[in-house]
Each structure stands twice: as C-alpha cells, then as structure tokens.
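Q: Can you keep this structure in mind? I'll have questions shortly.
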Amino acid sequence: EAGVAQSPRYKIIEKRQSVAFWCNPISGHATLYWYQQILGQGPKLLIQFQNNGVVDDSQLPKDRFSAERLKGVDSTLKIQPAKLEDSAVYLCASSFPGGPGGELFFGEGSRLTVL
Amino acid sequence: AQSVTQLDSQVPVFEEAPVELRCNYSSSVSVYLFWYVQYPNQGLQLLLKYLSGSTLVESINGFEAEFNKSQTSFHLRKPSVHISDTAEYFCVVGSSNTGKLIFGQGTTLQVKP
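Protein chains in written order, with the working numbering: chain A, 5 to 119; chain B, 1471 to 1583.
Encoded structure:
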C-alpha cells in the first residue's frame, strides 16, 4: 500500500516569495492534516480536512497561508508571502475516519528554507 | 486545554542499556496518549498508544509505556536498546472529545555502540 506522498521534499525561497506544497494521502483516508514542524519543536497542526471540508484551521495564519483539498483527495498548502519564520518542515498526514484515537500516517515532509 | 512536556531533549545511551523517555501531560478532559517515532530520513510513525483498558501498552519492537493518571505521565521504556532505536520520539496527547492532538517537543534517543 502506498504511503502519504509529499512534494517537493526541499524548497529554498527568499522572503516575500510564494511557495506551494502538495500532498496525496493514503487511498481511502478521508481525514487529512497539515502540520508545521519548526526545528527543535514538535509538529503543530495547521489545518485538518474531513473529505474536502475544513474541520480545524484555528492555528493557520490565514493572512499568508491557505490550503485546499479539492475533490476530497489530494491537497495543497500555499504560503504567500513567505516570512523568515516560516522556515520549517511541513508534514502532511492522513487517517481513516474512526473517531479520536486513530493512527495518523505521515509523509516524509517538505522542508522549507526562507532566506 | 491540553499540553504535553517531554522532560529530556536528548538521551544518549549505550547499546543494550535500558532507557526511559519521560513525558508528562495536562488536560481538563479524558485523553488518549501516543508515542510516535521518526527514524532518520523517514516520516513519523506510530510506536504505541493508550486509549483505554490496561495502563501498560507495548510496541512490537520491545518498547512499553505506562499510563499513570495520578502522575499525569506516559513514560516510554525499553529494557535493552539497539543501535536501530536511534530516532526522535514524540509524546502526543489527544482529546477524547475532539481528537485534537498535541505533540511534545521531541526527545532524541542516541544509541551508541
């Protein structure tokens, strides 16, 4: 079974530029998550989708971050304009809906460096 | 509100020695508890979880963790570590109401030969 796919794996941009990350979850997983992991910290949830609807985006900086999950399958996370503090690894995860306590399956992440 | 604290950022240990990675949490509601592991150049993966029932949970590779409600802890232990256990370990607390997960800051386990 294919895992969670993310691209690109690495991206270097200058501040004020834009960047987009793509995620394809495990087939059949209705729930999709985007996490931000800053060096030395644990992952922080940015947004959670259930199919193509947003469940939680309370920690998404909406003035510069946006995410969509058209057709309830793959998803894109965009940052525009990027700031230095956005340098982090962006993790995508998916889970099969089964209520709280279900296992999350993570991709390898997209490492963003903002110069 | 929930929070989780991993008490050690790095734990160096020699191969075949025992290890304990400490985790404390706080929550005003019932919780689920998890340990996720990230091996070098790989994605995060579930190591073990406590949802209900027996407070001692085990993984397939010899790790165990015990849910201690009175001390609000979920420490991870292994009696004898291998080089291959070198990784970053994350303690995670989840709300049983909303399912929202809060990750600790991680503990790097460095197993030396």
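Backbone N, C-alpha and C define an ideal beta-carbon position, used for all residues, glycine too. Only a predicted model underlies this, so the values are computations on that prediction, with no experimental measurement involved.
Y1495 (chain B): which of B:V1527, B:A1487, B:E1486 and B:W1505 sits nearest, CA to CA?
A: B:W1505
Q: Given a threshold of 16 other Cβ atoms within 10 Å of its Cβ, counted over all protein chains shown, does R73 (chain A) qualify as buried or as exposed?
A: buried
Q: Kindly identify the DSSP beta-bridge partner or partners of H1545 (chain B).
A: In DSSP, H1545 (chain B) forms a bridge with B:E1536.
Q: Relative to the C-alpha of C27 (chain A), which candidate in A:G7, A:L64 and A:I42 has its C-alpha closest?
A: A:G7
Q: Is the distance from the Cβ of S1529 (chain B) to the Cβ of L1518 (chain B) below 8 Å?
A: yes
Q: Using the C-alpha atoms, what's the distance from S1565 (chain B) back to A1471 (chain B)?
A: 9 Å
Q: Across the stretch 1557 to 1574 of chain B and the stretch 35 to 50 of chain A, are there enough close Cβ pairs to call them in contact, namely three or more that are closer than 8 Å?
A: yes
Q: Can you give me, in chain order, the residues of the stretch 55 to 67 of chain A that have a beta carbon less than 8 Å from any beta carbon in chain B?
A: D60
Q: Would you kindly work out how many angstroms separate the C-alpha atoms of L108 (chain A) and P101 (chain A), rounded to a whole number?
A: 10 Å
Q: Closest Cβ-Cβ distance between Q45 (chain A) and chain B: below 8 Å?
A: yes
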